[in-house]
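J.:
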Amino acid sequence: MSTVNIDLLAEELIRKVKSYLISTIGRTAEEANSNEFYRALCYAIREETMINWQATARTIAKKNARQIYYLSMEYLPGRLFVNNVTNLCSKDVVKLVLQKMNRSVRDIVEQEDDPGLGNGGLGRLASCLLDSLATHHYPAQAYGLRYQYGIFEQQLWDGVQVEAPDCWLLNEDPWEFRRDQRRVHVKFCGTPQTSYNIHGDEILELKDSEEVGALPYDIPIVGYSKNSDFSVVTLRLWSTKDSPRNFLLQRYNAGRLDQAAENTTLTDVLYPSDNTDIGKRIRLKQEFLLVSASIQDIVRHHLVHYENFRQFADKVRIQINDTHPSLVIAELIRILTKDHDLPWKMAVEITQACTGYTNHTILSEALEQWDRTLFYYLLPRQYRIIERLNQDFCNAVRARYPEDEERIRRLSIIENGKVRMANLAIVGSHKVNGVAKLHTEILKNSVFKDFYEFFPDKFVNITNGVTQRRWLLECNPELAKFITHRIGDKWITDFLTIKELAYFANDPDSQDEFLAIKKKNKLAFIDYLNRDNRLRDATGARVLPPPLIDVDSLFDVQVKRIHEYKRQLMNALHLIMLYQELIQNPNHERIKRTAIIGGKAAAGYETAKDIIRLIYCIARKVNHDPAVAGFLKVVYLENYNVTKAEIVIPASDLSEQISTAGTEASGTGNMKMAINGALTIGTRDGANIEMEEEITPQWWPFAFGCTADQIAQLKSTHSYHSRDIYESNPKIRKAVDALRDRTFAHTEEEHLVFSDLYHKLIEMHYGGEPDRYFMLKDLQSYYDTQLKVEELYKKPRKWAEYALNNIAGMGKFSTDFSIHNYAHLIWGIEPCPIDQELLDRVRYDYAAHNRCG
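To convert, note that position 341 of the sequence shown is 341 in the UniProt record's numbering; the numbers rise steadily by one, no gaps.
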């Protein structure tokens, strides 16, 4: 874009901003504070978005395109302002506007809070997929819940995680649109009364039910384009906050305040703790709210364009992201048989043809099961449908395996007083996909082995990805320019072309420039820590100063949800080993290292909270010990979210992907760090395996630990005993003993917490085998591999050569590639670029309105 064009566009945008400030906010440009200015700027930018949003919807309708409807309990889009500006290729224009209007870029950007719509990789993946759907013009709409307080804002008070409300909706969100005309009602509880449709199939009415209103808010997801033909995907979020009938005044007046407000609070918090009965009830209500409201909207949308359901199975595709929306299957069958008089068999076939299920876990405790009594109490009609669906399915299994009652029991959707949501999702879908090759193989050969034998054609693999537009172009602009200067900008929408960067990996000038960019990003992260990482003392009142960090130290980063299988505890044990070695041997040859760990523990997950506390206390000890000053620093990154990821990931030298082999479905943090030039220290787990294949083992030097097969063998033979390693390895024993010898504990409470972690590693774990995630088994291998890391880091240009080859091998790990696979293997949809005539018509209508204004 020429300088003249940028200047003209900037002047036009300034005019719009001033207009919105006066007409919408009631302020002049000089009077407006930063938040008012930010909102006016967003209003001005979103005008262009609105034109294409309308044209996208009209194009899909005109072409009668098959459409994908994506359902997820989580989305983590991050800040929308910078992402939209990036995808609209308007960065230079916006920077010039802010310069001309004497506004700070940082001040304006920081007016936006991260949308509190998710927790970890599940939500971040969903948002990356939406970006790719929009960028590549696929006909799509997504559904979620509009959580008033997110999952929580994490605060660390002397190492203790304190959960505070995430008040991301405190100020008006200029990117969301309230849609009162699309309000729907969802029914819970009540007494089912039997009736029959015209085909003689049982249908159920509800008497004395609880009716909850769901109000949608739409967010436009803008696709990337250098031209004006970008597509826009709708993310529709349901809220129960603004529906008067949800508040039960009679119960309030009777003094039952909790019952009176329960339905208004359904969209208050993501994943209320299920350690209580009311927490379980609200979780199940949340899941059905998402499903019922979305299915009603999908059916309504279909009937706007088609007279009946003859084409429904052809035109509608529904993807359920993990088991949370599995009730799609029961609810769609119910609506088709009851509200639209379709026969049972046809309703089931339509549902199966429409629905796909993405599995994200192999951990048995993460495969949702609901107590049958609770399920029937809240959702009696859906339960009866699941019963009939299960009976039909079990009969089909029995016909194939007439003597195998044990197999039927394993496959049954309802078993031992539980409704098994993964089983429901598999039975009710036409495709089931894992999210990495290893993960899918484990699903087929272990977790869902019986289902795979019964439905071999249902199971496919689609490896996860990330969008390079946010996770490289936006968050690491210097590296993006570096890449574009060498291979052009085609990588922005075709990441497979990133392989061309390998030609520059052994070029000394490219290596030096890459290292300079990395150093600049590390300085930006240090600046962020000094400014915003608000760790507190035990009272929560005083903010503790961050440690002094050497920018030339190795930035060793593990940022993700805190969970035992992700093995932040193994990372902590290695830091203890390293600390003890530095103390014991003052003449060591160790490099300088800054260990950065961040992530939230689920509110009810005490062990994960204990691990956070241990890491905090290790940092407290190490960062103030003059004996290791300059060689080891430990940082806990509080309230880790997308915005903080965009700061720490470009600064990362070493990416910690150390889950127990066979437990991580895929991972996406591993991909984000690799495309930003970090080298991975990782187990052969999840997508790490495929990343190593693409990057090639030559440039993947830090693999370690047991394979998934070796772990499975140890489990099946019960031959692993962590105490044997503890007693035979003095270095490991000394580190583990530090958990109970008060090296890091200042208080009796800390001592008890760390002693409990010791107990779980060496003695028992919740009454079962100790060290169930094999941390001590892999710890020596991890330690030895960290020595290799240090040797390579001493050779900066060689390190850069490895890093550039890693970036060059990441082409298949874009969600663009994932989406093309979903479209081809599961959904059978084609791109639907905006019809230029429709776009011109909407733009003409807008211009005519503007002239009137």
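We put the CB at the ideal spot given by N, CA and C, even for glycine.
Would you say residue 858 and PHE288 are within 9 angstroms of each other, going by their C-beta atoms?
T.: Only positions 1 to 853 of the chain appear in the structure, and residue 858 is not among them; the question remains open.
J.: Is GLN836 buried or exposed, if buried means 16 or more other CB atoms sit within 10 Å of its CB?
T.: GLN836 is exposed by the Cβ-count criterion.
J.: What's the C-alpha gap between ASN623 and TYR528?
T.: Taking the straight line joining both Cα atoms gives about 18 angstroms.
J.: Given a cut-off of 9 angstroms on the beta-carbon distance, is the pair GLY116 and LEU169 in contact?
T.: Cβ distance < 9 angstroms, so GLY116 and LEU169 count as in contact.
J.: Applying the criterion that 16 or more other CB atoms from any shown protein chain within 10 Å of the CB defines a buried residue, is CYS852 buried or exposed?
T.: In this prediction, CYS852 has a pLDDT of 49, which is less than 50 and means its spatial position is unreliable; nothing more can be read from the coordinates.
J.: Between the C-alpha atoms of ARG381 and VAL559, what's the straight-line distance to the nearest angstrom?
T.: Spanning the two alpha carbons is a distance of roughly 42 angstroms.
J.: By DSSP, does LYS418 sit in helix, in strand, or in coil?
T.: It is a strand residue.
J.: Going by C-alpha distance, which of VAL551, LEU575 and THR785 is nearest ILE615?
T.: Closest by alpha carbon: LEU575.
J.: What did DSSP end up calling ASP494 once you bin it into helix, strand or coil?
T.: If DSSP states are grouped into helix, strand and coil, ASP494 belongs with coil.
J.: Can you round the beta-carbon distance between SER292 and VAL427 to whole angstroms, since I take them to be within the 8 angstroms contact cut?
T.: 20 angstroms between Cβ atoms; not a contact.
J.: In or out: GLN99 buried (at least 16 other Cβ within 10 Å) or exposed?
T.: It is exposed - the Cβ of GLN99 has fewer than 16 other Cβ atoms within 10 Å.
J.: What are the partner residues of GLN558, as DSSP defines its beta bridges?
T.: Answer by DSSP bridge pairing, in chain order: ILE597.
J.: Going by C-alpha to C-alpha distance, which of LEU13, ALA40, TRP491 and ILE14 sits closest to GLY26?
T.: Residue ALA40 is the option with its Cα nearest to GLY26.
J.: Where residue 854 and PRO547 are concerned, what is the direct C-alpha to C-alpha distance, given to the nearest angstrom?
T.: Coverage of the chain is limited to positions 1 through 853, which leaves residue 854 absent and any answer about it impossible.
J.: Out of LEU303, GLU790 and THR265, which one is the CA nearest neighbour of GLN286?
T.: The shortest C-alpha separation from GLN286 is found at THR265.
J.: Give me the residue from ASN805, TYR726 and SER72 with the minimum Cα distance to ASN506.
T.: ASN506 has its Cα closest to that of ASN805, out of ASN805, TYR726 and SER72.
J.: If you draw a straight line from the alpha carbon of ARG317 to that of ILE829, how long is it in whole angstroms?
T.: So the alpha carbons of these two residues sit roughly 9 angstroms apart.
J.: Using 9 angstroms as the threshold, is the C-beta distance between ILE68 and TYR822 below it?
T.: In contact: ILE68 and TYR822 (Cβ atoms closer than 9 angstroms).
J.: Considering only their Cβ atoms, is the gap separating GLY705 from ALA645 smaller than 9 angstroms?
T.: Their beta carbons are not under 9 angstroms apart, which means ALA645 does not touch GLY705 by this criterion.
J.: Which residues does DSSP pair with ALA142 in a beta bridge?
T.: Its beta-bridge partners are TYR70 and LEU235.
J.: Which complete beta strand (DSSP E) runs does the stretch 455 to 514 hold, if anything under 3 residues is left out?
T.: For the stretch 455 to 514, whole beta strand (DSSP E) runs of length 3 or above, ordered along the chain, are 459 to 461.
J.: Measure the alpha-carbon distance for ASN433 versus GLU453 and round it to whole angstroms.
T.: Their Cα atoms are separated by approximately 15 angstroms.
J.: Distance check for TYR70 and ALA44, CA to CA, integer angstroms please.
T.: Roughly 29 angstroms separates the two Cα atoms.
J.: For a quick check, are the C-beta atoms of LEU443 and ILE362 less than 9 angstroms apart?
T.: Yes; because the gap between Cβ atoms is below 9 angstroms, this pair is in contact.
J.: Ends of the alpha helix (DSSP H) at GLN698?
T.: Here GLN698 belongs to no alpha helix (DSSP H), and DSSP marks it neither H nor E.
J.: Could you tell me the alpha carbon to alpha carbon distance between GLU581 and ALA745, rounded to whole angstroms?
T.: Near 19 angstroms, if we compare the C-alpha coordinates of ALA745 and GLU581.
J.: Going straight from the alpha carbon of ASP371 to that of LYS280, what length do you get?
T.: Near 9 angstroms, if we compare the C-alpha coordinates of LYS280 and ASP371.
J.: What are the boundary residues of the alpha helix (DSSP H) that THR717 is part of?
T.: Run containing THR717: 708 to 717, per the alpha helix (DSSP H) assignment.
J.: Going straight from the alpha carbon of ALA738 to that of LEU573, what length do you get?
T.: One C-alpha to the other measures close to 9 angstroms.
J.: Can you tell me whether DSSP reads ALA800 as helix, strand or coil?
T.: Correct three-state label for ALA800: helix.
J.: Whole angstroms are fine: how far does the CA of LEU761 sit from the CA of PHE754?
T.: Computed Cα separation, rounded: 11 angstroms.
J.: With a 10 Å radius around its C-beta and 16 neighbouring C-beta atoms as the bar for buried, classify GLU641 as buried or exposed.
T.: Reading the sequence as shown, one finds Asn at residue 641 and not Glu. The residue is buried, with at least 16 neighbouring Cβ atoms inside 10 Å.
J.: With distances taken Cα to Cα, identify the nearest neighbour of VAL435 among GLU693, ILE6, THR815 and MET50.
T.: Among GLU693, ILE6, THR815 and MET50, the Cα nearest to that of VAL435 is on THR815.
J.: Taking only three categories from DSSP, how would you classify VAL160?
T.: In the structure shown, VAL160 sits in a strand (DSSP, three-state: E or B).
J.: Going by C-alpha to C-alpha distance, which of TYR579, GLU727, ARG310 and THR358 sits closest to SER818?
T.: For SER818, the nearest C-alpha among the options comes from THR358.
J.: Let me check understanding here. Comparing Cα to Cα, which of THR663, GLN698 and ILE675 lies closest to THR683?
T.: That would be THR663, whose Cα lies nearest to the Cα of THR683.
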